[in-house]
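The working numbering puts the first residue of the sequence shown at 546, with every later residue one more than the last.
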Amino acid sequence: MKNLLLVSIMTLGATACVSTELSNQHTPYDATKDARIRLYGQNGRPSFLTVDIDGKKEKVTVGGGLGQAFSSMVGAKGNESIGMPETSLSKNPSAHSKFLSSIFFKEFVIPANTKVQVTNEIIPMDSTHTHYTTTEKITTVIKGKSCKGNTVTFIPEAGKDYEVAPISSDRECGVTVYEIK
Numbered sequence: 546m547k548n549l550l551l552v553s554i555m556t557l558g559a560t561a562c563v564s565t566e567l568s569n570q571h572t573p574y575d576a577t578k579d580a581r582i583r584l585y586g587q588n589g590r591p592s593f594l595t596v597d598i599d600g601k602k603e604k605v606t607v608g609g610g611l612g613q614a615f616s617s618m619v620g621a622k623g624n625e626s627i628g629m630p631e632t633s634l635s636k637n638p639s640a641h642s643k644f645l646s647s648i649f650f651k652e653f654v655i656p657a658n659t660k661v662q663v664t665n666e667i668i669p670m671d672s673t674h675t676h677y678t679t680t681e682k683i684t685t686v687i688k689g690k691s692c693k694g695n696t697v698t699f700i701p702e703a704g705k706d707y708e709v710a711p712i713s714s715d716r717e718c719g720v721t722v723y724e725i726k
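Following this line, the structure appears as structure tokens:
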């Protein structure tokens with residue numbers, strides 16, 4: 546019991562450190578020097594964005610955090626838009642959701658002409674099932690398959706909008722960067 550409590554506290558502490566905002570979140574979008582990007586996240590399937598802002602490397606995570614995961618599971622996690630044009634995926638991302646988890650997106654203003662890196666991963670939930678027969682106890686442990694997608698690096702142009710869509714599969718990781726026209 547003590548070990549379970551310790552693991553729970555460590556997990557909670559680690560997920561509390563996940564950043565879901567960039568330092569420029571309250572800076573207005575300027576199409577002459579900024580670009581915008583939309584990232585998708587899901588419970589157990591976070592996306593990561595790394596970008597330099599004012600000479601400082603910043604990393605944000607969309608999905609996978611404890612608060613976002615719980616909200617996604619109960620359907621309370623909404624999309625966070627800053628006014629980017631809709632795409633076929635952003636119109637109804639929950640149509641691509643899996644059981645007990647809704648896909649959602651979050652949009653960010655990022656500096657143009659600066660290297661941006663995006664990736665995603667699948668964090669599986671392992672499960673254990675125990676049942677008893679008249680003569681024995683049988684425990685089945687199912688280990689989920691995890692993967693970390695390749696990192697995609699690109700340089701956004703001023704005034705342009707980008708969407709980073711995850712590969713739509715339970716068995717593959719990866720992202721595709723689309724320029725929204």
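Glycine residues also receive a C-beta, built at the ideal position from the N, C-alpha and C atoms.
Contacts around residue i, its chain only, beta-carbon distance under 8 Å, and the 5 residues preceding and following it disregarded
i	result
ASP706	ALA580, ARG581, ILE582, ARG583, MET629, PRO630, GLU724 and ILE725
SER553	A caution first: SER553 carries a pLDDT of 40, below 50, which makes its placement in the model too unreliable to give a value.
Cβ-Cβ separation, residue j to residue i (assumed contact under 8 Å), whole Å
i	j	result
ARG590	ASN665	6 Å
THR684	THR675	5 Å
VAL596	THR659	6 Å
LYS682	CYS718	Their Cβ separation, rounded to whole angstroms, is 36 Å, which puts LYS682 and CYS718 out of contact at 8 Å.
Nearest residue (CA-CA) to residue i, options the options
i	options	result
VAL605	THR684, ASP597, PHE593 and ILE598	PHE593
GLY623	PHE650, THR572, ASN695 and PRO573	PHE650
GLU652	GLY694, THR572, VAL661 and ILE627	ILE627
VAL661	THR678, ILE700, GLU566 and LEU634	ILE700
GLU625	LYS693, GLU566, CYS718 and GLY694	GLU566
GLY600	PRO656, THR678 and TYR677	PRO656
Cβ-based neighbour list, residue i, same chain, cut-off 7 Å, excluding 5 preceding and 5 following
i	result
SER568	ILE598 and GLU603
VAL654	ASN569, THR572, TYR574, ASP579, ARG581 and ILE627
ALA576	ALA703 and GLY704
Close-in-space but distant-in-sequence residues of the same chain around residue i (CB under 6 Å, 5 per side omitted)
i	result
VAL709	LEU584, VAL663, VAL720 and VAL722
PRO711	TYR585, ASN665 and VAL720
Beta-bridge partners of residue i, as assigned by DSSP
i	result
ASN695	None; ASN695 has no bridge partner.
LYS705	In DSSP, LYS705 forms no bridge with anything.
GLY719	Looking at the DSSP assignment, GLY719 forms no beta bridge with any residue, so it has no partner.
ASP728	Since the displayed the chain opens at 546 and closes at 726, residue 728 lies outside it and no answer follows.
ALA710	THR721
Residue i: CB within 6 Å of a non-hydrogen atom of the ligand SAM
i	result
ASN695	Looking at this structure, you won't find the ligand SAM or any other ligand, since it has none at all.
Short Cβ contact (7 Å threshold) for residue i with residue j
i	j	result
VAL686	THR673	yes
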